[in-house]
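Trainee:
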Amino acid sequence: MVVGVFNVNIPRIPLFSPSPLRKQSRAPFISIKASLESSNSQTSTKEEEIPGSVSSSSSAATTFAPPPDFKAPEPKRFAVRPDKTWEIAGAALALFFRFGTGVFVSGYSASIVSENEIPPGQYSLELRGSKVKETSKIGPRPEKPIEIYEFEGCPFCRKVREIVAVLDLDVLFYPCPKNGPNFRPKVDEMGGKQQFPYMVDPNTGIAMYESDEIIKYLVETYGDGSVPFMLSLGLLTTLTAGFAMIGRMGRGNSYTPSKLPPKPLEIWAYEGSPFCKIVREVLVELELPHIQRSCARGSPKRQILYERVGHFQVPFLEDPNTGVQMFESAEIVEYLKATYAQ
Numbered sequence: 001m002v003v004g005v006f007n008v009n010i011p012r013i014p015l016f017s018p019s020p021l022r023k024q025s026r027a028p029f030i031s032i033k034a035s036l037e038s039s040n041s042q043t044s045t046k047e048e049e050i051p052g053s054v055s056s057s058s059s060a061a062t063t064f065a066p067p068p069d070f071k072a073p074e075p076k077r078f079a080v081r082p083d084k085t086w087e088i089a090g091a092a093l094a095l096f097f098r099f100g101t102g103v104f105v106s107g108y109s110a111s112i113v114s115e116n117e118i119p120p121g122q123y124s125l126e127l128r129g130s131k132v133k134e135t136s137k138i139g140p141r142p143e144k145p146i147e148i149y150e151f152e153g154c155p156f157c158r159k160v161r162e163i164v165a166v167l168d169l170d171v172l173f174y175p176c177p178k179n180g181p182n183f184r185p186k187v188d189e190m191g192g193k194q195q196f197p198y199m200v201d202p203n204t205g206i207a208m209y210e211s212d213e214i215i216k217y218l219v220e221t222y223g224d225g226s227v228p229f230m231l232s233l234g235l236l237t238t239l240t241a242g243f244a245m246i247g248r249m250g251r252g253n254s255y256t257p258s259k260l261p262p263k264p265l266e267i268w269a270y271e272g273s274p275f276c277k278i279v280r281e282v283l284v285e286l287e288l289p290h291i292q293r294s295c296a297r298g299s300p301k302r303q304i305l306y307e308r309v310g311h312f313q314v315p316f317l318e319d320p321n322t323g324v325q326m327f328e329s330a331e332i333v334e335y336l337k338a339t340y341a342q
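In full-length UniProt numbering, the protein residues as written are 1 to 342.
What follows is the structure, given as structure tokens:
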């Protein structure tokens, strides 16, 4: 029996009409790559062990292992470690300034149903003896992850990360912090200037700068062509994206010397989560390439992770270089620093 029903519809207002996109030339380069097996779920992954960029020779010679006596923590649902309270609170300010953009997948709707309407083994959010049934409408899935060169502290980059969450796309992020030795120079080689974000779609051969053009391209190629309202406001969108970073000002901007791994890390996360944000800040500062499995509310990938590990919570890190798999943002940050910082 249905206990109650409510619908949450995220408004999407078209800003651009479809227009042809020019294919930009790409300079040849060596990079860390990850290829996907053809799968509608976007989650069957085979990483190619291709050494990466400037520090490729030292990276290949380095052996990566978890910190001594490392043990993955047990996941604690909705818990904040006391020493991280202010960090999470600062990261959560973005939800206010951006009105939750990046929290929901396109076409998201939810209804409260009785427990017996959700089959055993199906992920759902429990709510006072009832459960929340969530649905969304996602577009065509790319066979290979979109590649995006960006950094956490950039409001233009945030706009693109938000549309990635809305479209439920898997992305191979190449972090480009200030003074980063690896991927900032690669953007210069490929596009002719160090400007961010820079997107490469290996599925179509399209490469481009400019956040609004990237958003337009992604919604036309992998969505329904409509730009979400909060991403369609021009200068106001950029200003509020900048205000969203006030609580974490300066984090995720500058390079911390690190050891570049031979394979990209994999993180299950989404832009609207403050817990995910503090982990991405460190991934960017350490210039660690990572595949982000986007899983905002309404994402079918929530069920995939739930089936794999028997629990859904983000962020969830998988490190193919050490074999580590773990929940808990505070402990993930400590692990990344202990394993990759020089």
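Note that beta-carbon positions come from the ideal geometry of N, C-alpha and C, so glycine has one too.
Helix or strand or just coil, what does DSSP make of P175?
Mentor: Residue state, collapsed to three classes: strand.
Trainee: Here's the rule I'm using: 16 or more other beta-carbon atoms within 10 Å means buried, otherwise exposed. How should G223 be labelled?
Mentor: Label assigned to G223: buried.
Trainee: Using alpha carbons as the reference points, say which of G298, E328, L305 lies closest to T135.
Mentor: Ranking the options by Cα distance to T135, first place goes to G298.
Trainee: DSSP three-state label for I267, please.
Mentor: I267 falls in the strand class under three-state DSSP.
Trainee: Looking only at its chain, what residues have a beta carbon closer than 6 Å to the beta carbon of V166, apart from the 5 residues adjacent to it on each side?
Mentor: Here the set comprises S106, P228.
Trainee: So within the segment 176–208, which uninterrupted beta strand (DSSP E) runs reach at least 3 residues, ignoring any that extend past its ends?
Mentor: Correct list: 198–201, 206–208.
Trainee: For A341, write down the residues that DSSP places opposite it in a beta bridge.
Mentor: S258, per the DSSP bridge assignment.
Trainee: With respect to the beta strand (DSSP E) encompassing D319, which residues constitute its N-terminal and C-terminal limits?
Mentor: 316–319 is the extent of the beta strand (DSSP E) around D319.
Trainee: Go to L218, then tell me how far its beta strand (DSSP E) extends in each direction, as first and last residue.
Mentor: First-last for L218: 211–222, but that is the alpha helix (DSSP H), not the beta strand (DSSP E).
Trainee: Going along the chain, which unbroken runs of the beta strand (DSSP E) with 3 or more residues stay wholly within the segment 71–120?
Mentor: You should have 109–114.
Trainee: Buried or exposed for K186, going by 16 or more other Cβ atoms inside 10 Å?
Mentor: Counting Cβ neighbours within 10 Å, K186 comes out buried, since at least 16 surround it.
Trainee: Less than 9 Å separating the beta-carbons of F173 and Y209?
Mentor: Result no, Cβ atoms of F173 and Y209 do not sit closer than 9 Å.
Trainee: Would you mind giving the Cβ-Cβ distance between F97 and F151, rounded to the nearest angstrom? I have them listed as a contact below 8 Å.
Mentor: F97 to F151, Cβ: 19 Å. No contact.
Trainee: If you compare alpha carbons, which of Y306, G310, L265 is closest to V324?
Mentor: The option with the nearest alpha carbon to V324 is L265.
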